[in-house]
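Quick notes on the structure that follows.
Chains as they are written, first to last, in UniProt numbering: chain A, 1 to 260; chain B, 1 to 161.
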């Protein structure tokens with residue numbers, strides 16, 4: 001690693017001030033960023049560690065809304081029973097030691113095309129809350145590793161409307177255990193939302209045809225006759241574009257069955 | 001350089017670290033606690049697992065400065081007060097849960113974290129919890145058996161391999 005300073009603010013205001021510095025980079029749990037630094041793929045002057053910001057910790061439920069602090073670990077979300085579909089997803093990320101460090105804010109800020117959390121946020125129509133504004137998930141994800149976050153902006157919390165039923169199914173790439181294809185299905189009174197991670201060159205996306213079919217009939221059978229175009233799907237040594245397109249339908253059906 | 005202080009195995013320690021100093025490097029090189037092993041240095045193998053404030057973490061993927069003020073437990077602190085092996089360590093010996101031993105510190109620390117969370121795990125739960133701990137010798141079978149035995153469960157039905 002190149003060297004850098006690590007600063008450890010205690011409040012969001014202190015963190016935001018530190019982020020205004022030259023070449024400052026937010027550090028969540030570091031489970032992606034530290035390996036990236038080791039490979040010298042990033043060279044910040046300052047890392048602003050967010051794990052000591054107590055305002056960004058914890059999970060609160062009010063009515064049908066679950067608010068999760070940006071520095072909340074995957075383990076904490078996995079252990080919370082308020083939104084079982086989301087807890088189930090968090091418990092599938094990485095391994096136990098990674099889940100004790102990795103955070104929801106870090107995952108969403110990085111927006112890895114094979115990460116799990118973007119699928120939950122998009123399928124739930126979550127709101128990404130930063131130190132300056134609130135961003136709807138539909139506007140937040142802007143492609144592989146691309147988000148609506150501005151330079152220096154920090155995800156302080158994420159707000160999820162709790163659905164009537166939800167499930168996340170992950171078809172893992174056997175070496176990395178990241179999603180080769182992951183599908184989050186969430187059923188609300190207003191309709192069903194389906195988000196797919198791991199598959200597209202554009203990062204997480206909504207499968208709108210499946211949403212329409214499942215809003216009419218929430219069953220795996222409702223997906224029969226639908227297909228996903230292989231255009232824009234990732235093709236690599238782990239799976240072709242066609243294979244991923246096929247898996248999306250298979251994995252979506254599993255998620256619907258598990259949620260029913 | 002920044003000064004950090006933390007409690008390691010119940011003892012207050014301090015040292016000067018760079019921003020990039022990993023917790024694993026602080027423990028091994030600054031504190032001389034070489035029981036924490038660094039296998040892959042890419043947070044995959046789990047040989048470097050320690051507990052920070054009671055939670056299992058990969059010490060190669062956390063900066064020493066992030067552990068400032070924390071309570072850190074390493075494999076060196078796992079023995080009983082009289083220096084004898086604790087129940088998990090003894091079970092690894094009894095059930096041949098190690099061959100070369102390189103992964104063992106991480107295995108023991110992950111096992112301790114698991115049994116604190118889930119005192120009588122099923123075999124499937126043990127295997128799932130060890131997802132982030134890689135062993136290249138044993139094929140895991142006797143590690144799983146040792147952890148089951150350490151939890152007080154009867155492992156006579158689990159065949160040795």
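Ideal Cβ positions, reconstructed from N, Cα and C, are used throughout, including at glycine.
Please read these numbers as outputs of a predicted model, since none were measured by experiment.
C-beta neighbour in chain A for residue 56 (chain B), strict 8 Å: Indexing the second chain from 1 puts residue 56 (chain B) at position 56. Taking Cβ atoms only, chain A reaches closer than 8 Å to residue 56 (chain B), which makes this a yes.
Within 8 Å, strictly: CB atoms of residue 27 (chain A) and residue 53 (chain A): Indexing the first chain from 1 puts residue 27 (chain A) at position 27. Indexing the first chain from 1 puts residue 53 (chain A) at position 53. It is not a contact, given that the beta carbons lie outside the stated cut-off.
Chain A contact for residue 75 (chain B) (CB, 8 Å cutoff): Within the second chain, residue 75 (chain B) is the residue found at index 75, counting from 1. Chain A contact via Cβ: absent.
Reduced DSSP category for residue 138 (chain B) - H, G, I as helix; E, B as strand; rest coil: Reading the second chain from its first residue, position 138 is the one you call residue 138 (chain B). It is coil, neither helix nor strand.
Chain A contact for residue 29 (chain B) (CB, 8 Å cutoff): Walking along the second chain from the start, residue 29 (chain B) turns up at place 29. Cβ-Cβ to chain A under 8 Å: no for residue 29 (chain B).
Cβ pair residue 132 (chain B), residue 94 (chain A) closer than 8 Å: Position 132 of the second chain, counting from 1, holds the residue named residue 132 (chain B). Position 94 of the first chain, counting from 1, holds the residue named residue 94 (chain A). Cβ atoms of residue 132 (chain B) and residue 94 (chain A): closer than 8 Å.
Within-8 Å CB hit, residue 97 (chain A) to chain B: Within the first chain, numbered from 1, the residue matching residue 97 (chain A) stands at position 97. Yes, residue 97 (chain A) lies at the interface with chain B (some Cβ there is under 8 Å from its Cβ).
CB contact check: residue 111 (chain A) to chain B, cutoff 8 Å: Taking the first residue of the first chain as 1, we reach residue 111 (chain A) at position 111. Chain B, which has no Cβ nearer than 8 Å to the Cβ of residue 111 (chain A), makes this no.
Per-residue contacts from residue 6 (chain B) into chain A (C-beta, under 8 Å): Taking the first residue of the second chain as 1, we reach residue 6 (chain B) at position 6. Within chain A, no residue comes near residue 6 (chain B); the closest Cβ sits about 13 Å away, beyond 8 Å.
Cross-chain neighbours of residue 1 (chain B) in chain A, by beta carbon under 9 Å: Translated into the one-based positions of the second chain, residue 1 (chain B) becomes position 1. By Cβ distance, chain A contributes nothing, its closest Cβ being about 10 Å from residue 1 (chain B), past 9 Å.
Test item: CB-CB of residue 138 (chain B) and residue 85 (chain B) under 8 Å: Against the second chain, residue 138 (chain B) aligns to sequence position 138. Against the second chain, residue 85 (chain B) aligns to sequence position 85. Not closer than 8 Å, so no.
Every unbroken alpha helix (DSSP H) inside the stretch 31-88 of chain A [4 residues or more]: 33-38 and 74-78
Chain A residues whose Cβ lies nearer than 7 Å to that of residue 129 (chain B): Start at 1 with the first residue of the second chain, and residue 129 (chain B) comes out as number 129. Ordered by position in chain A, the residues that pass the 7 Å Cβ test against residue 129 (chain B) are 96.
Alpha-carbon spacing of residue 177 (chain A) relative to residue 256 (chain A), whole angstroms: Taking the first residue of the first chain as position 1, residue 177 (chain A) is located at position 177. Taking the first residue of the first chain as position 1, residue 256 (chain A) is located at position 256. Near 22 Å, if we compare the C-alpha coordinates of residue 256 (chain A) and residue 177 (chain A).
Those runs of the alpha helix (DSSP H) which lie wholly inside the stretch 120-173 of chain A and span at least 4 residues: 137-140
Complete runs of the beta strand (DSSP E) confined to the UniProt domain "2Fe-2S ferredoxin-type" (2-78) of chain B [at least 3 residues]: 2-8, 11-17, 49-52, 55-58 and 71-73
Which residues DSSP lists as bridging residue 27 (chain A), in chain order: Within the first chain, residue 27 (chain A) is the residue found at index 27, counting from 1. DSSP output for residue 27 (chain A) lists A:49 as bridge partner(s).
Endpoints, the beta strand (DSSP E) within which residue 193 (chain A) is located: Numbered from its first residue, the first chain carries residue 193 (chain A) at position 193. Note, residue 193 (chain A): beta strand (DSSP E), 191-197.
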